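Taking it in order: structure first as structure tokens, then the write-up.
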Amino acid sequence: MEALGLNMGFEETELRLGLPGNRVRSEGEGSRKRGFSETVDLKLNLSSKDTSEKVKSFQKEKHPLPRATDPPAKPPAKTQVVGWPPVRSFRKNMLGVVQKSSGEESDMAGGNNAAFVKVSMDGAPYLRKVDLRMYNTYKDLYDALGKMFSSFTIGNCGSQGMKDFMNESKLMDLLNGSDYVPTYEDKDGDWMLVGDVPWGMFVESCKRLRIVKGTEAIGLAPRAMEKCKNRR
Amino acid sequence: MSEDDDRSPPLDLRCGAAPSINRARNCSGEAVSGSGSSTSSSIPASVPVTVTEYQSQYPDQVLEIVLENVLQFLTSRRDRNAASLVCKSWWRAEALTRSELFIGNCYAVSPDRARGRFRRVRSVVLKGKPRFADFNLMPPDWGAHFGPWVCVLANAYPWLEKVYLKRMSITDDDLALLAESFSGFKELTLVCCEGFGTCGLAFIASKCRQLRVLDLIETEVTDDEVDWISLFPEGETCLESLIFDCVDCAINFEALEKLVARSPFLRKLRLNRHVSIRQLYRLMVRAPQLTHLGTGKYGPSEVAQRQGDTEPDYIAAFAACKSLVCLSGFREITPDYLSAIYPVCANLTSLNFSYATITADQLKPVICNCHKLQIFWALDSICDEGLQAVAATCKELRELRVFPMNAQEDVEGPVSEVGLQAISEGCRKLQSILYFCQRMTNAAVIAMSSNCLELEVFRLCIMGRHRPDHATGEPMDEGFGAIVRNCRKLTRLAVSGLLTDRAFGYIGKYGKLIRTLSVAFAGDSDMGLKYVLEGCPKLQKLEIRDSPFGDAALRSGLHHYYNMRFLWMSSCRLTRQGCQEIAQAMPRLVVEVIRSDDEEETDNYVETLYMYRSLEGPRHDAPKFVTILR
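Okay, here's the thing in structure tokens:
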């Protein structure tokens, strides 16, 4: 398994995952099918792109971290959690109502359009849930997943935790060598690598997500290849 | 069969109406309602006490008649529950005279049991799912079916007049049965319900000839493409209230107009967004006696604009409604048209702008006239500045709700501690507040706690999880602590932001009247929940999500769970064994473990625990994803 390379970009840190063999970059991964002779590049962005944005306070739901007392940084791009904030569906997204002329209002019937899936990460003590319909691309999903599990991967930094998170070079040190791959279980019960089908198809077929260590994901490649062939 | 069989010993009449409690028997005072009567866990066995010294000089039948006549005047269900516990005679008389049946949890008691005890019911209130179900925290098809209830009610109470359902699952067939079974049916109110469509409404409209109230509030109604409005009976109707703003289907406007024209008693009308402002005008002209009006789409239609038609005189229409006290709707608003409501502002007691994306500047000319306003709902698009305008004018304000235009976590928020502080200083009579914001300070919350001493409901939702006081970086403990300490009438509290166990310590220490508590993403350890369960004797409804409370905390509430309507805990640190222990310790508690799908939990932790007292044991309609622990 090829170790993760870390892009020492100055704007952002990213995890990139490559399969054995080629190391070919491919952009726009959500929009076309491809076999696994090509590499799928999966990026788990663990910091916000815009460095002027402050970082959101830790997600401490089930983690016995000491509380940070520093004022929180400005939050990064959105992370969706089921049922939060507690606003009923027909009240959500009033912004959308303003912009639409003939008034196709946000769904009053609510509820039925959501596609919640569980997300687990190897080694994390708890599950999260995301609504896949809140995202439009794989990129958005990876951003969100990165936020969700970043606090865990950073782990026990003590009271310095917040500051370390904001310090990008330290962040990269921590990530160096870690290699997590998002995988998903589809309707057939098979575990697939995330990113191999168009986004829409993924949302329809994904039942749950699991972020696994890269070494465990190797076995998925041949199976995924076969599926792709079957779909053609 | 003789009535004498299980009669109580004669009562001591020398004490007047209230017999001496010491001499009365224990009764099987099963509290059907979910309210805070004394522990209803008493096993229904009676312990006879011999009363020989004081013989009644009057036959018991007379006593019962007297009782019945007196008890008629007792309307509060809590008073009635207390009366029913005095002795068997009182229990019987109360059961015969109770006409309003309130069931706070439809699974706490079976329809048959309710029917068996109360024989002359005219009005039923039924509540089903817990509130967190509104936010997709519970899979659909969990339960709370109206079907079993309507079947029993149809047989038992042919003279039933009113039904109020909240968070129940209702089918068209249920509504059909309801419509057919009660010839004198008068009022149907459905709040946060689902499962039926316009088909069901058609049954109600066509068959309930005495219908006065048809109120659909935040309820999902599927569009079966049935013209239910035209199915109301011909001729003059009894309609007093017609609320259908949540029914998102096109309606036959001509039929609606004719209906309004032949409903001289109509006082409350709330339209859906498919009714244009021109159509609204026509309705208002026909019903100037309205007291409550909910507009539909509040802006010109594109068609009218293109044709260049002259606009109706909306101002005159509003001015003609001299009794109007409550305004709502304003969907898809064109703010220019707001000036039409100026004539009624001075009389308004309730104004709901929660669907109107208006700015502070658009709000001000309206609100500056609303001196009598008691209830105000709005979107945070009005900003802190808008709230300051409210604070400056609305000195009678009792209830404020500020909803987020953009219900996301990580965006800039237009309202903040500034708005809250202003409200606290200007609206000293405030009783109830629901406030969504992105940032808050302890100082503002403390200010509200000392300025608004009438507060009964304090619900603050800082939308970013674990957000501390943004000025000091401290947890929000002190703010909420001040609320529970200073607001002596507080019965409902929802907390948010960064909170440690200390906040819960305050709640447990000072929140002695709290009945409903909502917790999300808060606390450090089991101690937090322990403080609350041990400290809040009036706690009825406790809903917790994503907080680090575990089995030990759960155990600390064993002394209290029979006094509660329910406990909800999702994404906490409860294990199945921990929940099992509770189920075994408390046989009258139904302990449901809910998974979000059919899969087995691979985690150690239980995803959702929902438990409630019940006289019936485990329900038989539980879906696969619910496991009831024994």
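Those sequence lines, one after another, are chains X and G. Once you know that position 18 of the first sequence is 18 in UniProt numbering, the rest is easy, because the numbers rise by one and skip nothing. Once you know that position 442 of the second sequence is 442 in UniProt numbering, the rest is easy, because the numbers rise by one and skip nothing. A virtual CB, placed ideally from N, CA and C, is assigned to each residue, including glycine. Predicted, not measured: the structure shown is a model, and the values here were computed from it.
query, result
"What do you get for G/PHE73, buried or exposed, if any count of 16 or more other CB atoms within 10 angstroms of its CB means buried?", "exposed"
"Which residue marks the beginning of the beta strand (DSSP E) containing G/TRP159, and which one marks its end?", "No beta strand (DSSP E) contains G/TRP159, which DSSP labels as neither H nor E."
"For the putative contact between G/LEU177 and G/ALA205, defined by C-beta atoms under 8 Å, what is the C-beta separation to the nearest angstrom?", "Contact doesn't hold; Cβ gap of about 15 Å is too wide."
"Tell me whether the stretch 570 to 581 of chain G and the stretch 540 to 555 of chain G touch, counting them as touching only if at least three CB pairs, one residue from each stretch, are closer than 8 Å.", "yes"
"With a threshold of 16 other CB atoms inside 10 Å of the CB of G/ILE277, please say whether the residue is buried or exposed.", "buried"
"Can the beta-carbon of G/CYS106 be found closer than 8 Å to that of G/LEU137?", "no"
"Restricting to Cα atoms, I'd like to know which of G/CYS427, G/LEU266, G/GLU254, G/ALA255 is closest to G/LEU239.", "G/LEU266"
"Could you check what DSSP says for G/ILE103 in three-state terms: helix, strand or coil?", "strand"
"On the three-pair Cβ rule with 8 Å, is the stretch 316 to 332 of chain G touching the stretch 291 to 298 of chain G?", "yes"
"Scan the stretch 452 to 466 of chain G for residues whose Cβ lies nearer than 8 Å to a Cβ of chain X and list them as they occur along the chain.", "CYS461, MET463, GLY464, ARG465, HIS466"
"Contact criterion: CB-CB distance below 8 Å. Does G/ASP621 meet it with respect to chain X?", "no"
"Using the C-alpha atoms, what's the distance from G/ALA471 back to G/HIS371?", "33 Å"
"Check for me: the beta strand (DSSP E) holding G/LEU231 runs from which residue to which?", "Run containing G/LEU231: none; DSSP gives neither H nor E here."
"Take the Cβ of X/VAL212 as the centre, count every other Cβ of all protein chains shown within 10 Å, and call the residue buried at 16 or more, exposed below.", "buried"
"What did DSSP end up calling G/CYS326 once you bin it into helix, strand or coil?", "strand"
"Relative to the C-alpha of G/GLU234, which candidate in G/GLU194, G/TYR605, G/LYS258 has its C-alpha closest?", "G/LYS258"
"Leaving out five residues on either side along the sequence, give the residues of the same chain with a beta carbon under 7 Å from the beta carbon of G/ALA356.", "PHE330, ILE333, LEU379"
"Using the beta-carbon of each residue, which ones in chain X are nearer than 8 Å to G/SER596?", "PHE116, LYS118, LYS129"
"Can you grab the Cα-Cα spacing for the pair G/ILE544 / G/GLU607, in whole Å?", "12 Å"
"Under the three-state reduction of DSSP, which class applies to G/MET527: helix, strand or coil?", "helix"
"Please identify the residue among X/ASP143, X/GLY123, X/TYR138 whose C-alpha is closest to the C-alpha of X/CYS206.", "X/TYR138"
"So, G/ARG212 versus G/GLU187, is the Cβ gap smaller than 8 Å?", "yes"
"Which residues in chain X have a C-beta closer than 8 Å to the C-beta of G/ASP501? List them in chain order.", "The contacting residues do not exist; G/ASP501 stays about 11 Å from chain X at best."
"Determine the contact status of G/TYR531 and G/GLY557, defining contact as a CB-CB distance below 8 Å.", "no"
"What does a CB cutoff of less than 6 Å around G/SER571 pick up in its chain, not counting 5 residues either side in sequence?", "ARG545, ASP546"
"Buried or exposed, going by whether 16 or more other CB atoms sit within 10 Å of the CB of X/GLU204?", "exposed"
"Using a Cβ cut-off of 8 Å, pull out every chain X residue sitting near G/GLU417, in sequence order please.", "Near G/GLU417 there are no residues of chain X at all, since even the closest Cβ is about 14 Å away, more than 8 Å."
"Within the same chain, show all residues whose beta-carbon is closer than 7 Å to that of G/ASP141, passing over the 5 residues directly before and after it, in chain order.", "PRO623"
"For G/TRP377, which residues of its own chain have a beta-carbon under 6 Å away from its beta-carbon, when the five flanking residues on both sides are left out?", "ASN352, SER354, ARG401"
"Tell me whether G/SER183 is buried or exposed, calling it buried when 16 or more other Cβ atoms sit within 10 Å of its Cβ.", "exposed"
"I'd like to confirm something about G/PRO288: is its beta-carbon nearer than 7 Å to some heavy atom of the ligand FAD, or not?", "The model on display carries no ligand, and the ligand FAD is accordingly not part of it."
"Rounded to a whole number of angstroms, what is the C-alpha to C-alpha distance between G/LEU101 and G/VAL121?", "7 Å"
"At the level of alpha carbons, what is the spacing between X/ARG208 and X/GLU185?", "5 Å"
"Could you check the C-alpha separation between G/LEU455 and G/PHE132 for me, to the nearest Å?", "23 Å"
"Taking 8 Å as the cut-off, decide whether the C-beta atoms of G/LEU190 and G/LEU160 are in contact.", "no"
"Within 8 Å, do at least three Cβ pairs link the stretch 475 to 483 of chain G to the stretch 442 to 453 of chain G?", "yes"
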